[in-house]
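Q: Using the working numbering, read the sequence shown as starting at 384 and increasing by one per residue.
Following this message is one structure expressed as structure tokens.
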Amino acid sequence: MKTARKVCQVPNSNRERGDYFERRTKAALEADDWLVVRSAGSLGVADLVAMKDGYTPRLVNCKLTHYLPPKQKRALVDAAEKAGAIAILAWSEKPGWVGLELVTRHGSTHLPMLHMPPIQRNAR
């Protein structure tokens with residue numbers, strides 16, 4: 384009789400860094416009074432959806448580098464147009480800052496950077 388072996392999963396440090404950056408980007412947008420929903424672990428086009436009264440909603444794709452592959456860029460722009468939203472690329476500009484870029488079919492435009500709020504540690 385065969386027994387099932389438990390496979391040990393080695394954490395993917397790039398994935399962990401990406402998840403951390405998504406959470407920090409979410410916190411930066413919330414500090415700027417946006418309501419933000421994170422699509423954790425999704426394979427969709429947007430990592431975050433940001434909404435604020437009086438503003439067009441944002442579909443945000445978070446990348447550690449300032450590179451969004453063309454296929455992902457088209458998918459993000461298509462989804463944003465379909466939803467009546469704006470496509471945004473967020474990347475790690477420099478420590479403590481989120482770079483933002485408006486993405487369209489015809490190019491992109493840099494937006495003001497957002498400062499990441501300090502990390503809140505849970506008291507034990």
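Every residue gets a Cβ at the ideal spot worked out from N, C-alpha and C, and that includes glycine.
Predicted model, so just to flag it, every value in this text is computed and none were measured.
In the DSSP assignment, what are the bridge partners of Leu447?
A: Taking the first residue of the sequence shown as position 1, residue 447 is located at position 64. Beta-bridge pairing links Leu447 to no other residue.
Q: Roughly how many whole angstroms lie between the Cα atoms of Arg465 and Val486?
A: Your numbering for residue 465 matches position 82 in the sequence shown. Your numbering for residue 486 matches position 103 in the sequence shown. Here the sequence assigns Lys to residue 465, which means Arg is not the residue at that position. The alpha-carbon atoms of Lys465 and Val486 are separated by roughly 14 angstroms.
Q: Exposed or buried, Lys456, counting other C-beta atoms within 10 Å across all chains shown (16 or more means buried)?
A: Residue mapping note: residue 456 aligns to position 73 of the sequence shown, counting from 1. Under this definition Lys456 is a buried residue.
Q: Please go through the same chain and pick out, in chain order, the residues whose beta-carbon is closer than 7 angstroms to the beta-carbon of Lys435, but skip the five residues on each side of it.
A: Taking the sequence shown and counting its residues from 1, one reaches residue 435 at position 52. Same-chain partners within the cutoff: Asp416, Trp417 and Leu418.
Q: Going residue by residue through the segment 434 to 499, where are the continuous beta strand (DSSP E) segments of at least 3 residues, counting only ones entirely within it?
A: For the segment 434 to 499, whole beta strand (DSSP E) runs of length 3 or above, ordered along the chain, are 441 to 446, 469 to 477, 480 to 487 and 490 to 498.
Q: On the premise that Ala473 lies in contact with Gly482, defined as a C-beta separation below 8 angstroms, what is that separation, rounded to the nearest angstrom?
A: On the sequence shown, position 99 is the one that residue 482 refers to. On the sequence shown, position 90 is the one that residue 473 refers to. Yes, Gly482 and Ala473 are in contact; Cβ-Cβ is about 7 angstroms, under 8 angstroms.
Q: If you draw a straight line from the C-alpha of His449 to the C-alpha of Phe404, how long is it?
A: As a first step, residue 449 must be located in the sequence shown, where it is residue number 66. As a first step, residue 404 must be located in the sequence shown, where it is residue number 21. Distance between the alpha carbons of His449 and Phe404 is about 13 angstroms.
Q: Find the nearest neighbour of Arg433 within the set Ala411, Pro501 and Lys477, judged by alpha-carbon distance.
A: Taking the first residue of the sequence shown as position 1, residue 433 is located at position 50. Correcting the residue type first, residue 433 is Ala in the shown sequence and not Arg. Minimum Cα distance to Ala433 is reached at Ala411.
Q: Near Gly467, what residues of its chain come up, given a Cβ to Cβ distance below 8 angstroms and the 5 sequence neighbours on each side ignored?
A: For this step, residue 467 is matched to residue 84 along the sequence shown. Excluding positions up to five away in sequence, the list reads Thr439 and Pro440.
Q: So, at 7 angstroms on beta carbons, what are the nonlocal neighbours of Met496 in its own chain, with the 5 sequence-adjacent residues on each side left out?
A: Here the question's residue 496 lines up with position 113 in the sequence shown. These residues qualify, in order along the chain: Glu476, Trp480, Val481, Gly482 and Leu483.
Q: Straight-line CA distance for Cys445 to Arg488?
A: To locate residue 445, count along the sequence shown from 1; it is residue 62. To locate residue 488, count along the sequence shown from 1; it is residue 105. Each residue's Cα considered, the two are about 18 angstroms apart.
Q: Relative to the C-alpha of Met499, which candidate in Asp402, Ser396 and Thr408 has its C-alpha closest?
A: Within the sequence shown, residue 499 is the residue found at index 116, counting from 1. Here the closest residue by C-alpha is Thr408.
Q: Can you name the residues that DSSP bridges to Arg421?
A: Against the sequence shown, residue 421 aligns to sequence position 38. DSSP output for Arg421 lists Leu431 as bridge partner(s).
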